[in-house]
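In this note's numbering, each residue's number is its place in the sequence shown (first place is 1) plus 6. Glycine residues also receive a C-beta, built at the ideal position from the N, C-alpha and C atoms. Note that this is a predicted model, so its numbers are computed, not measured. Notes follow the structure.
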Amino acid sequence: MSRLIVVSNRVAPTQEGRPAAGGLAIGVLDALKETGGVWFGWSGEIIGESQAPEIEKQGKVTYATVGLTRRDYDQYYRGFSNATLWPTFHYRTDLSRYDRQEYAGYLRVNTTLAKQLKAMLEPDDIIWVHDYHLLPFARALRELGVSNPIGFFLHIPFPVPEMLRTVPPHEELVKAMCSYDVLGFQTQADRQSFVDYIERGGFGTASDDGMIHAFGRVLKVGAYPIGIYPDAIASAAQQFADRKQVNTLRDAMRGRKLIMSVDRLDYSKGLVERFQAFERLLLASPNWHGRVSLVQIAPPTRSDVQTYQRIRQTLEGEAGRINGRFAQLDWTPIQYLNRKYERNLLMALFRLSQVGYVTPLRDGMNLVAKEYVASQDPEDPGVLVLSQFAGAAEQLPGALVVNPFDLTQMAEALERALSMPLPDRKARHADMMAQLRSGDLSTWRDAFLVDLRRVTTAASVTRKA
Ligand code: ADP
Ligand code: G6P
């Protein structure tokens, strides 16, 4: 069997039990733990000058991590990745900026990382690259003479062509993406945006078998929605039900309903609108005063990017204002916590709540939505209120799907979720669990890797013929 080499900017913390850093790290770690392989990427450290990777083996996974210099970090990570690509791909061109030097830094770091990886590669390795930091990574490897199969999965949305074209080097980026053998997106809509860019721009054509012919290459372009392991999460939620923090919250919520939200503190997550819709519920239905609380857990992320500093301030202001307006001596409407928790503990908190309130303005998939459903007690499940702009909405029809820009509709959905009769809750939960089981994390990984192997085997047979 060939070795699997996973490449991503963020490599999951290697210590078990430590909170992970977002959907990519969670998904890749769980997927890689079973197959085994190498995980190559940034160590999270800023260093003086580039060095060879540090290698650490844990179980079946070998971690190979490298530091970034301050200039690399500023231009590649903080700059082009998180101040240009992230906002644009989340449809926030108003928050996006473009700087030619940052883009040059982005390309330079992709090449440096490719060189560092190349030194470790063996001829039979299969390479699976993840996320927007590494769009040109395959091109960099190909330029170094690497001919191994290379696939790419984008964890975040892929924007419609009009939006993508606001990034000045859009054509160069898409052309570079065509150096991969397989391109994977979270949803059919994301895949279609990519195909539209290629076809409308006259760069190539798509065929019915999912292949694209563009820029002189042939590659597979597919939708591979990332999943979770629902039954493992269900049992973790049950096992952690007796933890001290869970009991504390349970006691505090006696006689009250609990709405739970958990996100990185990111402007794409729709946190301000979410708080304001909750405020509308309290305005419209005074009978909920003192009887429902929203717990929002939101650890800060990318805090040295200016747009993230602003969202943090805005949110603190909104939480304070709404609490000031409605709080009573023994009731705080919004409990807003800026910290990470152990993942299993979060699952137990989800299980305690009556409503999962997941309303991003735009999101690749949103694993929290899936985790919320999986954590519930099947005999008394909570209700998921979910944004139509999360990739997960394509797969969780049992949720109350809302438009996060419509505050009144969100307030109505909260009211409906809080009052939903048990038989309806159970039916919705069973329906969503079935979906989660049929498209779990191994389905995602295996479907992608099967395509990567198939496409590259077919290509080498064609080359030899
Ligand atoms: P994103 O990848 O944009 O952060 P996802 O919802 O897809 O969004 O994934 C977030 C992952 O990080 C989930 O697995 C979630 O459980 C975890 N997570 C989010 N917030 C926290 C937190 N406060 N503490 C620990 N884990 C968290
Ligand atoms: C999202 C992105 C990941 C990223 C994570 C955390 O899940 O898709 O690529 O790793 O957020 O963000 P960070 O910038 O801390 O890596």
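Check, Outcome
"Take H161 as the anchor and find which of M416, M259 and G190 has the nearest alpha-carbon.", "G190"
"Kindly examine ligand 1 and report whether one of its heavy atoms sits closer than 7 Å to the Cβ of K346.", "yes"
"Taking P167 and D214 to be in contact with their CB atoms under 8 Å, please state how far apart those CB atoms are, rounded to whole angstroms.", "Their Cβ separation, rounded to whole angstroms, is 21 Å, which puts P167 and D214 out of contact at 8 Å."
"Checking contacts by CB at 8 Å: is G54 closer than that to chain C?", "The chain inventory of the structure shown lacks chain C, comprising one protein chain alone."
"Return the Cβ separation of T313 and Y273 in integer angstroms, given the expectation that the two are a contact with Cβ distance under 8 Å.", "6 Å"
"For D237 versus V374, is the C-beta spacing smaller than 8 Å?", "no"
"I'd like to confirm the pairing. Which residues does DSSP put opposite K263 in its beta bridges?", "V298"
"Go ahead and label Q401 buried or exposed: buried means 16 or more other beta carbons lie within 10 angstroms of its beta carbon, across all protein chains shown.", "buried"
"Quickly, what does DSSP pair K63 with across the bridge? List them, please.", "T68"
"Name the residue from E279, P384 and V461 whose alpha carbon lies nearest to the alpha carbon of R434.", "P384"
"Taking a contact to mean a Cβ-Cβ separation below 8 Å, would you say Q394 touches V407 in this structure?", "yes"
"How is the beta strand (DSSP E) around G33 delimited, first residue to last?", "Element bounds for G33: not the beta strand (DSSP E) but the alpha helix (DSSP H), G29 to T41."
"Tell me where the beta strand (DSSP E) around T211 begins and ends.", "G210 to A212"
"Cα-Cα, which of I234, G208, D105 and R460 is closest to P175?", "D105"
"State the beta-bridge partners of G151 as determined by DSSP.", "Answer is none; G151 lacks a bridge partner."
"For V456, count neighbouring Cβ atoms within 10 angstroms of its own Cβ and tell me buried if that reaches 16, exposed if not.", "exposed"
"Once you ignore the five residues that flank E205 on each side, which residues in its own chain have a CB closer than 7 Å to its CB?", "T211 and A212"
"Could you give the C-beta distance for Y235 and L30, rounded to a whole number, given that I count them as a contact under 8 Å?", "Wrong, their Cβ atoms sit about 16 Å apart, outside the cutoff."
"Taking all protein chains shown into account, decide if P427 is buried (16 or more other Cβ within 10 angstroms of its Cβ) or exposed.", "exposed"
"With distances taken Cα to Cα, identify the nearest neighbour of I156 among A146, G73, G216 and A396.", "A146"
"Using a Cβ-Cβ cut-off of 7 Å (strictly less than) and excluding sequence neighbours within five positions of A182, which residues of its own chain qualify?", "L141, P142 and R145"
"Just how far apart, CA to CA, sit R197 and N88?", "22 Å"
"What number of angstroms, rounded off, separates the C-alpha of G23 from the C-alpha of R349?", "For G23, the predicted model reports a pLDDT of 47, less than 50, meaning its position is unreliable; a value from the coordinates is still stated below. So the two alpha carbons sit approximately 8 Å from each other."
"Quick one: does the C-beta of E377 sit closer than 7 Å to a heavy atom of ligand 1?", "yes"
"Using 8 Å as the threshold, is the C-beta distance between Y347 and I265 below it?", "no"
"How far does the alpha helix (DSSP H) with G323 in it reach, from first residue to last?", "Q312 to F332"
"Three-state secondary structure (DSSP) at I133?", "strand"
"If you measure from the CB of N329, is any heavy atom of ligand 2 nearer than 7 Å?", "no"
"Assign N344 to one of two classes, buried (16 or more other C-beta atoms within 10 Å of its C-beta) or exposed (fewer than that).", "exposed"
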